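Okay, so here's the structure we're looking at.
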Amino acid sequence: MSTASIPLPNWITYGLLPLINLLLAFLISGLVVWIIGENPWDALVLMLQGALGRGEGIGFTLYYATNFIFTGLSVAVAYHAGLFNIGSEGQAYVGGLGAALVALALDHYCPWYVTMPFAVIGAAVFGAAWALIPAWLQAKRGSHIVITTIMFNFIGAALMVYLLVHVLIVPGKMAPETRTFLEGGQLPKLDWLMAMFGLKLGPAPFNVSFLIALVAAAAVWVLIWRTKLGYEMRTLGISRSAAAYAGIPYVKIVIITMLISGGLAGMMSLNTVMGASARLQVEFVGGAGFVGIAVSLMGRSHPLGIVIAAILFGVLYQGGAELSFDMPNITRDMIVVIQGLVILFAGALEFMFRPALVRLYQTMSRQTVSGQKISGK
Amino acid sequence: MDNFEMILSILGSTIRLSIPLIFTALAGLFSERAGVFDIGLEGKMLAGAFAAACIAYLTGSAWAGLAGGIVVSIGFSLVHGFASITNRGNQIISGVALNFVAAGLTAVLGQAWFSQGGRTPQLPSDARFQPIVLPGVDAIKDVPFLGPLYVNVISGNNILTYLAFLAVPLSWWVLYRTRFGLRLRAVGENPGAVDTAGISVAWLRYRAVIVAGFLCGFSGAYLAIAQSAAFIRDMSAGKGYIALAALIFAKWKPVPVMFACLLFGFLDAMSNFMQGKAVPGIGEVPVQIFQALPYILTCILLAGFIGAANGPKAGGVPYVKER
Chain U
-9 MSTASIPLPN
1 WITYGLLPLI
11 NLLLAFLISG
21 LVVWIIGENP
31 WDALVLMLQG
41 ALGRGEGIGF
51 TLYYATNFIF
61 TGLSVAVAYH
71 AGLFNIGSEG
81 QAYVGGLGAA
91 LVALALDHYC
101 PWYVTMPFAV
111 IGAAVFGAAW
121 ALIPAWLQAK
131 RGSHIVITTI
141 MFNFIGAALM
151 VYLLVHVLIV
161 PGKMAPETRT
171 FLEGGQLPKL
181 DWLMAMFGLK
191 LGPAPFNVSF
201 LIALVAAAAV
211 WVLIWRTKLG
221 YEMRTLGISR
231 SAAAYAGIPY
241 VKIVIITMLI
251 SGGLAGMMSL
261 NTVMGASARL
271 QVEFVGGAGF
281 VGIAVSLMGR
291 SHPLGIVIAA
301 ILFGVLYQGG
311 AELSFDMPNI
321 TRDMIVVIQG
331 LVILFAGALE
341 FMFRPALVRL
351 YQTMSRQTVS
361 GQKISGK
Chain G
22 MDNFEMILSI
32 LGSTIRLSIP
42 LIFTALAGLF
52 SERAGVFDIG
62 LEGKMLAGAF
72 AAACIAYLTG
82 SAWAGLAGGI
92 VVSIGFSLVH
102 GFASITNRGN
112 QIISGVALNF
122 VAAGLTAVLG
132 QAWFSQGGRT
142 PQLPSDARFQ
152 PIVLPGVDAI
162 KDVPFLGPLY
172 VNVISGNNIL
182 TYLAFLAVPL
192 SWWVLYRTRF
202 GLRLRAVGEN
212 PGAVDTAGIS
222 VAWLRYRAVI
232 VAGFLCGFSG
242 AYLAIAQSAA
252 FIRDMSAGKG
262 YIALAALIFA
272 KWKPVPVMFA
282 CLLFGFLDAM
292 SNFMQGKAVP
302 GIGEVPVQIF
312 QALPYILTCI
322 LLAGFIGAAN
332 GPKAGGVPYV
342 KER
């Protein structure tokens, strides 16, 4: 009998299933570590110590998590409308241009808290602009958004390299990057927040963007579950024909959804460009857009889940970096393996354990029901 | 004459750069014509390249390396099949996942086994596919125009190059002239009809993804043990995605696939060639334009401005048998 239509309680769908998938991903990663000839348990302990042991480690963990919250939200918003946005990477990259231009224009004249709102807008607008053409192609011409967003990642990368090498570069310098922003174009670190917990931030670039990311997560929750637009997006995501029957305009919703998605991806650049390096550099996104896919899948496209999953991936990134110092055989690329396995198990194989769980759940609930009947007599 | 030599050198590198694209795009062709989207071409190519380099290094045989590349690439295909055919998971997500697993695993294992920063050791020339000098080179060498073309472009490539051009008509024949090909195309358009005819949709699709893995093994081996003499981390460098673009650009047909790959290979060759050179009347053309052009062209095509690019109808949709 098919088990697909039998509903499971939320704690299984949103708690147990992702947990099983995550455990399986870690188990296989552990196997890889073991094949390499290191002790997986030691590796795990070292990783957790590196990520959560000291204030600096936590600062780096949350810094990485900030990137992943933005990109995870970006993927999730599109996912709710049934669109798979692989282009967060490129949208974040181009979004960095918007943030950098604002910072370069205003840092001489304004303090950071004046620059910040403009930079948020700049990053979001540029990121959204990079999602606009794929969105329009999907909505109007029926081109598959997965393919076009992949193509736009590459086009965006070529464009940004061109701009950095030929236009934005500081004359006379070799490195393809903009000048360093003055204090007015930098987002301050959150050392006071860490100090509240008695932790020292050290050189970790944990900055105000984290708070912007949390606000964005809350805003996405309101958008998806508390607004008409969000309702229309979800309807479209579940059934395009039902949405059409309900009078929901396909073209408009697809384009607006992708603009929001691209804007969120673009805002990721605030963290790296204005928070950490204080300049626009080549390839500053570094795969965070793709991590967003894993984060969104793990977090089941729910903002709370995304924040948790983003912190988890932050732990992986920071812990993985520390681990590669102690066990040189395990390079940081191990994170990419884990990331791929998480996407595989939480995304592509998400239904693998469902039939078994449904059967288990049914037997268990039947037993409880009959047990209650007996005790009620 | 100087111009002629320049054209010859560009043509030569066009061929060399097109070969991995042709194998990979044909791989995508089989998979996607059967209704299984394959974003994971890049990962299969990379994993195949790594395996080919490792096995060729260990055995000292290029053919063993090729076999190793094929086996590993098919292994990745089977995981993709398990996720997207058996478990009816999202094919795109599965492909993305496999790309990450391949990129990470090759780098981790490469570093752990050889400690050369993700590189495999340099291969001796016996463990690589060597250029083959075609017969008649000496006779035709002095013929104007045709002679240099034959000697420099057509002759002197390795066996995999010729196999790639052989694979194109072969793929056409399999897809359009065999029963397997007919069924494969049918299962990508209307799996329900194939099922009604009493043919297993799942098994057909599995065979299609196995063929895809087989071909990606060739492209990986070409990268690692024919074009280069070692595996270098991330050496596929987005070629899997360009091949995917070529596949769409060719509207999922084998012979146009070859031409699309040659075009994109030509653009790649041009971007290498034009570095720091000025075009008369225009000035220096930024290399990034050549790098972005395959993707821009594909997007324009997808937008339906140069004829419509309609993929197989059942592409990306897991098949659920009616009960």
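Chains U and G supply the protein sequences, listed in that same order.
Residue numbers in the first sequence follow the numbering used here, run continuously in steps of one, and reach 367 at the last position.
Residue numbers in the second sequence follow the numbering used here, run continuously in steps of one, and reach 344 at the last position.
Quick reminder that beta carbons are idealized off the backbone N, C-alpha and C, glycines included.
None of the values given here were measured: they were computed from a predicted structure.
Query	Result
Range covered by the alpha helix (DSSP H) that runs through I351(G)	The question about residue 351(G) has no answer, for chain G in this structure spans 22 to 344.
Reference S94(G), options F239(G), I263(G), K334(G), L283(G), closest by Cα	F239(G)
Y221(U) - containing alpha helix (DSSP H), residue span	218 to 228
Member of I40(G), G138(G), L29(G), F58(G) whose CA lies at the smallest distance from the CA of F280(G)	I40(G)
Alpha helix (DSSP H) segment containing W224(G), residue limits	222 to 242
Proximity to D323(U) [Cα-Cα], best of V272(U), W126(U), Y307(U), L6(U)	Y307(U)
Distance, P30(U) Cα to V275(U) Cα	29 Å
Three CB pairs or more closer than 8 Å across the region 291 to 301 of chain G and the region 131 to 138 of chain U	no
Proximal residues to L331(U) (C-beta, below 7 Å), its chain only, five neighbours per side dropped	A15, I18, S19
CB contact flag (F142(U), D97(U), <7 Å)	no
CB contact flag (A125(U), I245(U), <7 Å)	yes
Coil, strand or helix - E173(U) by DSSP	helix
Coarse secondary structure for A236(U), derived from DSSP in three states	coil
DSSP-derived helix/strand/coil call for E167(U)	strand
Neighbourhood of F270(G) by C-beta distance below 6 Å, restricted to the same chain and skipping five residues each side	A281, T319, L322
Within 7 Å, strictly: CB atoms of M288(U) and A300(U)	no
Own chain residues within Cβ distance below 7 Å of M22(G), not counting five before or after	Its pLDDT being 48, under 50, M22(G) is placed unreliably by the model, and the measurement read from it follows with that caveat. None.
A258(G) and A74(G) closer than 7 Å at C-beta	no
Proximal residues to A82(U) (C-beta, below 7 Å), its chain only, five neighbours per side dropped	T61, G117, A255, G256, M258, S259, V275, A278, G279
Chain U contacts made by the region 112 to 125 of chain G, where a contact means CB separation under 8 Å	Q112, I113, I114, S115, V117, A118, L119, N120, F121, V122, A123, A124, G125
Selection of the region 329 to 359 of chain U by Cβ proximity to chain G, strictly under 7 Å	Q329, G330, L331, I333, L334, G337, A338, L339, E340, F341, M342
CB-CB length for T35(G) against F287(G), believed under 8 Å	4 Å
Y307(U): contacting residues in chain G (beta-carbon distance under 7 Å)	Here the premise fails: no neighbours, minimum Cβ distance about 13 Å.
Bridge partners - Q248(G), DSSP secondary structure assignment	Paired residues: none, contrary to the question.
7 Å Cβ cutoff, N108(G) in contact with chain U	yes
Exposure label - F71(G); buried when at least 16 CB within 10 Å	buried
Unbroken stretches of the alpha helix (DSSP H), 4 residues or longer, contained in the region 85 to 146 of chain U	102 to 126
Boundaries of the alpha helix (DSSP H) in which M184(U) is found, first to last residue	181 to 186
C-alpha distance - L205(G) paired with L153(U), whole-angstrom precision	46 Å
CB contact flag (F97(G), L119(G), <7 Å)	yes
C-beta atoms of I10(U) and F343(U) nearer than 7 Å	yes
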